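Input: a single structure, listed below in structure tokens.
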Amino acid sequence: MHRNKEDPEKNSNDVADWIFGAEIANRFTDEAEKHIPDYWKVIELTINILKDNVTKDGYIIDVGCASGNTLLYLYKQGFKNLFGIDYSQEMLKVAGKNLSKVDKDFPSRLFQSETFVQNMTFNAIICNWTLHFIQERQEYLKGIFDSLISKGLFILTEKTLQSQIIENQYILFKQDKGLTNEEIKRKKQQLEGILVPLSVKQNLELLAKTGFSQIEIINARLGFVTFLCIKS
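All you need for the working numbering is the position in the sequence shown, starting with 1, plus 356.
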């Protein structure tokens with residue numbers, strides 16, 4: 357998880373209060389819809405790509421699975437070897453409750469950890485709206501890359517650095533979702549030094565440095581960019 361070096365007091369506890377605490381976990385979908393442009397579109401796009409490129413018995417893990425929305429829809433599409441990982445135990449409680457409705461054993465495939473799972477191999481790895489909270493991104497990405505099979509897929513969505521023009525449009529998006537200026541300002545202050553975005557160029561360079569041979573941008577809206585990466 358990202359650590360604020362300038363303000364050590366503003367670290368994991370602040371992240372937990374904003375995204376990972378019980379209050380947010382219990383209303384995560386509503387929170388995501390208000391703050392993440394194309395939230396459901398990206399989930400649908402992710403699922404469609406996996407349906408076309410991964411067999412139903414393939415192994416898939418959702419990094420930052422939150423309340424389990426993506427995993428639930430993947431399960432409904434016939435995928436069964438599904439796993440999730442999240443920093444927050446509260447999020448995993450909600451995910452486990454939601455996913456146990458379709459598979460009572462699903463909670464046993466959900467892992468609480470700040471690091472990527474070890475000694476497992478996957479056909480596809482999803483990491484939507486999560487990596488920008490992690491300080492040691494190169495190390496975390498290496499763990500993801502090493503855990504993918506040859507020709508394995510990695511789908512990544514990140515909030516990226518954008519111009520003030522785009523940032524202003526993002527504020528309008530949140531206002532249209534019903535957030536007040538005070539709520540928008542407070543959220544921004546809470547995330548300073550915790551959610552640390554990179555530019556699109558920096559993300560592309562990081563993914564290439566990790567070893568991905570094919571990297572494409574498959575969705576972008578108001579600074580939130582989805583990358584499709586393939587391991588050679």
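Just so it is clear, CB atoms sit at the ideal spot from N, CA and C, and this is done for glycine as well. The model shown is predicted, which means the values in this text are computed figures rather than measured ones.
task: Would you tell me roughly how many angstroms separate the C-alpha atoms of Phe-384 and Ser-569, rounded to the nearest one?
output: 34 Å
- request: Give every residue of the same chain whose Cβ lies closer than 8 Å to the Cβ of Ser-555, excluding the five residues on either side of it in the sequence, and list them in chain order.
  value: Thr-516, Leu-517
task: Enumerate in chain order the residues of its own chain whose CB-to-CB distance from Trp-485 is below 7 Å, with the five nearest sequence positions on each side excluded.
output: If we look at Trp-485 and ignore the five residues flanking it on each side, its Cβ neighbours are Ile-392, Gly-420, Thr-513.
message: Taking the straight line between their C-alpha atoms, what separation do you get for Phe-580 and Ser-456?
response: Distance between the alpha carbons of Phe-580 and Ser-456: 31 Å.
task: Quick one: grab the DSSP three-state call for Leu-497.
output: helix
message: Quick check on the DSSP output: the beta strand (DSSP E) that includes Asn-479 runs from which residue to which?
response: Unbroken beta strand (DSSP E) run through Asn-479: 478-484.
query: Rounded C-beta distance between Phe-467 and Ile-441? I'm assuming under 8 Å.
result: Contact flag correct, Cβ pair sits at about 5 Å.
- prompt: By the 10 Å Cβ neighbour count, where 16 or more other Cβ atoms means buried, how is Val-398 classified, buried or exposed?
  reply: buried
field: Exposed unless 16 or more other CB atoms sit within 10 angstroms - verdict on Val-410
entry: buried
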